[in-house]
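Before any comments, here is the structure.
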Amino acid sequence: MKILLVGEYSNLHWTLAKGLRQLGHDVTIVSDGDAFKNYPRDIDIAMHGEGRIAQIKCMVSIMKCLPKLKGFDIVQIINPCFTRIHPINIYLYRYLKKNNGKIFLGAFGDDYYYTKACIENKTYRYSEYFADGKPTNLKANAGHIHTWMHTYRKRDNEEIAETCNGIIACLCEYYMAYEPLYKEKLEYIPLPIDLSEVPFSPLEITDKIRFFHGINKGRAEVKGTAFFLQAFSELEKKYGEKVELITVESVAFDVYKEKLKQGDVVLDQVYSYSPAMNGLLTMASGKILVCGAEPEMYAALDESQMKPVVAITPSVEVIYNQMEKIVLSRDLTLEKSSIGRKFVAKHHDFIKIASHYVYFWSAH
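In terms of the numbering used here, the sequence shown opens at residue 2 and continues consecutively.
Okay, structure coming up:
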């Protein structure tokens with residue numbers, strides 16, 4: 002098949018494309034590289050700089066690409082907002098739908114349906130919007146709620162969900178958001194990981210345990226950075242030189258991977274129900290992942306035996322206790338390290354995931 006993947010989050014589309022190509026498909030990726038992360042793509046539509054002039058230049062470059070975006074059997078967009086020029090996304094979607102075969106929506110990040118499920122506080126036990134039954138009042142939330150619930154993005158997301166051939170969710174929480182309305186055209190397909198690009202190093206903890214946290218400056222609040230920093234501060238008071246915290250902030254993906262090698266334990270996402278791409282890469286490399294990992298995630302994967310994630314919730318006390326267990330229970334820590342890669346190989350192999358996509362696309 003001739004396949005067009007539009008947009009990028011966390012190298013998902015590029016990794017999927019590698020799997021599809023190994024299966025013999027012709028794949029083109031058009032994206033902005035997910036901003037500063039600068040993931041690879043075949044056609045670049047990045048916006049260079051900020052402001053109106055940068056937007057106009059980006060829009061012109063997108064318009065010039067349009068003739069190359071016709072005649073595909075399958076088109077998949079990463080999100081309803083699949084380019085940085087948000088007001089034109091619905092028109093681009095209609096163009097892609099008109100000039101290609103089937104078109105699919107990725108439920109791979111924040112959108113109207115996920116935001117709605119969060120703020121209604123009925124679908125999840127916690128989220129970045131509610132925890133312990135109370136609003137989290139994160140600064141970013143007001144903007145997200147306005148953007149997704151009260152602007153054209155809501156209408157655009159609804160139109161795309163209604164008119165696309167199918168919807169694919171990469172995390173169980175995104176599946177849960179779309180399930181009430183679109184179960185018949187919805188599929189949960191785990192994130193793809195190419196293990197050949199992730200060297201495995203058995204965990205060897207010597208003088209101290211090195212915790213690692215990657216900070217995305219624009220999403221630190223949503224990621225739960227403050228929880229991790231507070232919990233580590235308490236841990237350091239008790240264990241001193243036995244623990245260390247390494248942080249990096251808003252770096253390109255290649256730089257992130259190099260910095261990651263310095264850590265033993267990665268502190269990833271507080272509000273999530275599932276680990277995302279960085280979390281899976283962490284486990285695949287032999288490191289310990291501290292992240293949200295709810296029963297719904299394991300159920301979606303039909304996994305009852307291997308549970309390598311050190312599961313946390315939005316609570317400094319919970320996070321501290323889990324971090325302390327890592328410090329005190331070396332044997333348990335090493336055991337989780339050994340099964341992490343097996344877990345990723347079983348559930349996230351990029352060729353197996355690509356085959357799942359092809360099956361779903363063909364069936365819808």
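Ideal Cβ placement from N, Cα and C applies to all residues, glycine included.
- In the structure shown, the three-state DSSP call for ASP157 is helix.
- Secondary structure at VAL61: helix, using DSSP grouped into helix, strand and coil.
- If you draw a straight line from the Cα of TYR183 to the Cα of ILE161, it comes to about 12 Å.
- Taken in chain order, the complete alpha helix (DSSP H) segments of 4 residues or longer contained in the region 294 to 324 are 296 to 301.
- DSSP places GLN231 in the uninterrupted alpha helix (DSSP H) bounded by 226 to 240.
- Residue nearest to ILE86 within the set CYS59, SER273, GLY20 and LYS260 is CYS59 (criterion: CA-CA distance).
- The alpha helix (DSSP H) runs lying completely inside the region 263 to 298 and spanning 4 residues or more are 278 to 285, given in chain order.
- Contact between THR116 and ILE146 holds: CB atoms are separated by about 6 Å, below the 8 Å threshold.
- In this chain, TYR130 is not harboured by any beta strand (DSSP E), its DSSP state being neither H nor E.
- The shortest C-alpha to C-alpha distance from VAL249 to any of ALA132, LEU268 and GLU237 is the one to LEU268.
- Assigned with DSSP and collapsed to three states, ALA141 falls in helix.
- DSSP places LYS3 within a strand segment (E or B) once states are collapsed to three.
- One alpha carbon belongs to ALA346, the other to ARG53, and they sit about 45 Å apart.
- The shortest C-alpha to C-alpha distance from GLY219 to any of VAL31, LYS326 and GLY144 is the one to GLY144.
- If you ignore the 5 residues before and after GLU245, its C-beta comes within less than 6 Å of the C-beta of LYS209 and ARG211, all in its own chain and listed in chain order.
- When SER316, MET284, ALA355 and ASP303 are compared, the shortest CA-CA separation from LYS337 is found for MET284.
- Remark: C-beta atoms of CYS173 and MET298 approach each other more closely than 9 Å.
- Comparing alpha-carbon positions, the option among GLY134, TYR130 and THR124 lying closest to ASN142 turns out to be TYR130.
- Note on the region 29 to 96: whole beta strand (DSSP E) runs with a minimum of 3 residues are 75 to 78, in chain order.
- Per the coordinates, the alpha-carbon of TYR175 lies some 19 Å from the alpha-carbon of PRO315.
- DSSP places THR248 in the uninterrupted beta strand (DSSP E) bounded by 244 to 250.
- Comparing alpha carbon positions, the residue from SER11, MET2 and GLN323 closest to PRO193 is SER11.
- Looking at ARG342, ALA294, MET48 and ALA55, the one whose alpha-carbon comes closest to that of PHE83 is MET48.
- Here the alpha carbons of VAL266 and ILE91 stand approximately 41 Å from one another.
- For CYS119, same chain residues with a beta-carbon under 6 Å away, outside a window of 5 residues either side, are SER128 and TYR130 in chain order.
- The residue from ARG42, ILE190 and ALA36 with its alpha-carbon nearest to that of GLU51 is ALA36.
- The Cβ-Cβ distance between LYS71 and TYR113 does not fall below 9 Å.
- Inter-residue distance for TYR96 and GLY107 is about 17 Å (C-alpha atoms, whole angstroms).
- Below 8 Å, enough C-beta pairs join the region 220 to 235 and the region 269 to 289 to call them touching: three or more.
- The Cβ atoms of LYS3 and VAL31 do not sit closer than 9 Å to each other.
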